[in-house]
Amino acid sequence: MPLLHKIAAAVVVAAVVLGLWLPGEPAETPSTVAARAGGKEPVPAGKVDDVRLGDRAAGPGAAPGPAKAPVHVGPLRPATPAAAAVQANELGQVPVLMYHRIVEKPTLALDRTVKEFREELVRLARGGYVPITAGEFVTGRINVPAGRHPVVLTFDDSTPEQFSLDPQGRPKPGTAVAILQEVARQHPGFRPTATFYLNKELFGLASQEAAGLRWLTQNGFELGNHTLTHRDLSTLSRKEVEKEIGDVEAKIVSLTGAHTATLAYPFGSEPDKRSWAEKKDGSYAFRGIFLAGWKPSESPFDTEFDRLAVARVRSEGKIKENDCTRYCSTAWLEELDRNPATRYTSDGDPNTITFPKSEEDRLVKELRGQGRIY
Numbered sequence: 001m002p003l004l005h006k007i008a009a010a011v012v013v014a015a016v017v018l019g020l021w022l023p024g025e026p027a028e029t030p031s032t033v034a035a036r037a038g039g040k041e042p043v044p045a046g047k048v049d050d051v052r053l054g055d056r057a058a059g060p061g062a063a064p065g066p067a068k069a070p071v072h073v074g075p076l077r078p079a080t081p082a083a084a085a086v087q088a089n090e091l092g093q094v095p096v097l098m099y100h101r102i103v104e105k106p107t108l109a110l111d112r113t114v115k116e117f118r119e120e121l122v123r124l125a126r127g128g129y130v131p132i133t134a135g136e137f138v139t140g141r142i143n144v145p146a147g148r149h150p151v152v153l154t155f156d157d158s159t160p161e162q163f164s165l166d167p168q169g170r171p172k173p174g175t176a177v178a179i180l181q182e183v184a185r186q187h188p189g190f191r192p193t194a195t196f197y198l199n200k201e202l203f204g205l206a207s208q209e210a211a212g213l214r215w216l217t218q219n220g221f222e223l224g225n226h227t228l229t230h231r232d233l234s235t236l237s238r239k240e241v242e243k244e245i246g247d248v249e250a251k252i253v254s255l256t257g258a259h260t261a262t263l264a265y266p267f268g269s270e271p272d273k274r275s276w277a278e279k280k281d282g283s284y285a286f287r288g289i290f291l292a293g294w295k296p297s298e299s300p301f302d303t304e305f306d307r308l309a310v311a312r313v314r315s316e317g318k319i320k321e322n323d324c325t326r327y328c329s330t331a332w333l334e335e336l337d338r339n340p341a342t343r344y345t346s347d348g349d350p351n352t353i354t355f356p357k358s359e360e361d362r363l364v365k366e367l368r369g370q371g372r373i374y
């Protein structure tokens with residue numbers, strides 16, 4: 001090869017190498033932003049079987065969990081002045097509150113009165129909390145105004161006190177859904193949403209099951225899997241675990257045309273192998289699994305976050321039972337108020353993750369491209 005040709009070839013190679021190495025990031029497309037956030041592009045019309053309630057994930061058989069993105073190895077970008085001004089910390093803790101029956105006169109240990117429930121919602125609204133769904137939380141799709149805090153409201157066992165329809169097809173007064181909507185009307189910005197973990201008795205709706213689930217999903221609520229008959233999964237074989245989860249999932253799909261995004265263990269009890277509950281090809285594949293309650297959850301962007309063992313907090317006052325003086329909702333909300341730096345505070349941009357520079361090591365490496373520090 002003539003000398004000039006060799007020189008030209010060397011220059012071309014060097015240019016390609018430098019182009020790949022030199023600092024600077026390519027322009028981001030909506031697809032790459034969505035992938036980093038743990039989401040997906042919208043599912044094409046006609047693919048209803050692949051749509052999951054409260055998520056944009058693939059249907060059963062697809063690998064659950066956030067999409068992988070190239071690791072950003074350069075320095076983190078600075079936060080916006082607005083994000084720094086509200087002391088955004090999107091690596092902070094998020095309360096995932098666990099409710100059961102909402103009744104006028106409690107008869108069971110996990111019951112909360114209508115008055116207690118309403119007061120707790122008002123406290124959350126006044127404290128700057130904004131409800132998001134369990135599916136949004138585990139996939140990192142947290143869209144909350146700057147300076148506000150996400151909270152996940154979860155309801156186990158699908159009881160009539162949580163949701164029921166009146167003769168006009170609206171939520172019955174006094175149910176959890178009606179109260180949540182009422183508080184949201186009184187406190188603009190407090191989003192009326194929650195995740196309901198379903199057993200086979202779907203709110204006692206009987207012939208109205210399809211209509212009831214349709215009303216919930218059309219009005220911004222999310223459905224989750226809580227097994228068919230609420231058995232303790234730690235005592236069951238793999239076949240029994242898969243039947244408990246798969247049978248109620250099949251019922252939900254038959255009524256709604258969509259799969260659930262998350263599972264909540266009955267009694268918070270894990271099966272012998274997590275994989276039995278996480279996924280069964282052709283039947284279910286969860287983006288997240290929730291335990292029973294004792295502490296707020298880590299941020300989904302934190303290296304310590306485990307999407308297959310998400311902690312929840314039991315809704316209860318500071319009573320002695322079950323150490324609620326320290327570990328139930330009233331105590332934890334007070335603790336977060338006293339220590340606001342430990343709480344998730346939004347930067348207002350769902351495509352970035354802002355936090356104090358001192359917390360940098362806690363950010364999941366695959367998400368460094370979204371990281372912003374101050």
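The numbering of the sequence shown is UniProt numbering, which starts it at 1 and goes up by one.
All residues carry an ideal CB built from backbone N, CA and C; glycine is no exception.
Computed from a predicted model, the values in this text were never measured in an experiment.
Query raised in the report: Got a sec? Which residues, its chain only, sit under 7 Å from residue 264 by beta carbon, not counting five neighbours each side?
Result: The residues are 154, 156, 197, 224, 226 and 290.
Report task. Mind checking who residue 149 pairs with in its DSSP beta bridge? Result -> Bridge partners of residue 149: 129.
Query raised in the report: Whose C-beta lies closer than 7 Å to the C-beta of residue 280 among residues of the same chain, with five residues either side of it excluded?
Result: Only 242 and 246 meet the Cβ criterion.
Report task. Enumerate in chain order the residues of its own chain whose CB-to-CB distance from residue 23 is below 8 Å, with the five nearest sequence positions on each side excluded. Result -> In this prediction, residue 23 has a pLDDT of 31, which is less than 50 and means its spatial position is unreliable; what the coordinates show is noted afterwards. Result list for residue 23: 74, in chain order.
Requested in this report: Between the Cα of residue 339 and those of 86, 83 and 93, spot the shortest distance and give me the residue it belongs to.
Outcome: Ranked by Cα distance from residue 339, the options 86, 83 and 93 are led by 93.
Report task. Quick one: measure Cβ to Cβ for residue 232 and residue 267, integer angstroms, because I've assumed they're closer than 8 Å. Result -> That pair is a contact at about 5 Å.
Query - Identity of the residues DSSP links to residue 78 by a beta bridge - result: Answer by DSSP bridge pairing, in chain order: 373.
Query raised in the report: Between residue 383 and residue 221, what straight-line distance do the alpha-carbon atoms span, to the nearest angstrom?
Result: Outside the modelled stretch of the chain, which goes from 1 to 374, sits residue 383, for which no answer is possible.
Query raised in the report: Taking the alpha helix (DSSP H) that residue 246 falls in, what are its first and last residues?
Result: Here the alpha helix (DSSP H) through residue 246 covers 238-256.
Query raised in the report: Where does residue 204 sit, in a helix, a strand or coil, going by DSSP?
Result: Coil, per DSSP.
Query raised in the report: So, is residue 395 buried or exposed, given that buried needs 16 or more other C-beta atoms within 10 angstroms?
Result: The chain is shown only over 1 to 374; residue 395 falls outside these bounds and no answer can be derived.
Requested in this report: Compute the Euclidean distance between the alpha carbons of residue 146 and residue 296, then round it to the nearest angstrom.
Outcome: In a straight line, the C-alpha of residue 146 is about 20 Å away from that of residue 296.
**Report entry** Separation of residue 117 from residue 180, as counted between CA atoms
**Finding:** Rounded to the nearest angstrom, the gap between the Cα atoms of residue 180 and residue 117 is 9 Å.
**Report entry** Per DSSP, cross-strand counterpart(s) of residue 162
**Finding:** Beta-bridge pairing links residue 162 to no other residue.
Query raised in the report: Exposed or buried, residue 36, counting other C-beta atoms within 10 Å across all chains shown (16 or more means buried)?
Result: At residue 36, the pLDDT of 26 sits below 50, so the modelled position is not reliable; the number obtained from the coordinates is stated separately. By the neighbour-count rule (16 or more Cβ atoms within 10 Å), residue 36 is buried.
Requested in this report: Could you please give me the residues that DSSP links to residue 290 through a beta bridge?
Outcome: According to DSSP, which records beta bridges pairwise, residue 290 is partnered with 264 and 310.
**Report entry** Distance between beta carbons of residue 151 and residue 97, contact taken as under 8 Å
**Finding:** Going by Cβ atoms, the distance from residue 97 to residue 151 rounds to 7 Å, so yes, they are a contact pair.
Query raised in the report: How big is the Cα-Cα spacing for residue 114 and residue 349?
Result: The straight-line gap from Cα to Cα measures roughly 35 Å.
Query - Distance between residue 87 and residue 167 (C-alpha atoms, nearest Å) - result: Rounded to whole angstroms, residue 167 to residue 87 spans 48 Å at the Cα level.
**Report entry** Nearest candidate by alpha-carbon position, reference residue 330, set 82, 127, 104 and 78
**Finding:** Cα-wise, what sits closest to residue 330 is 127.
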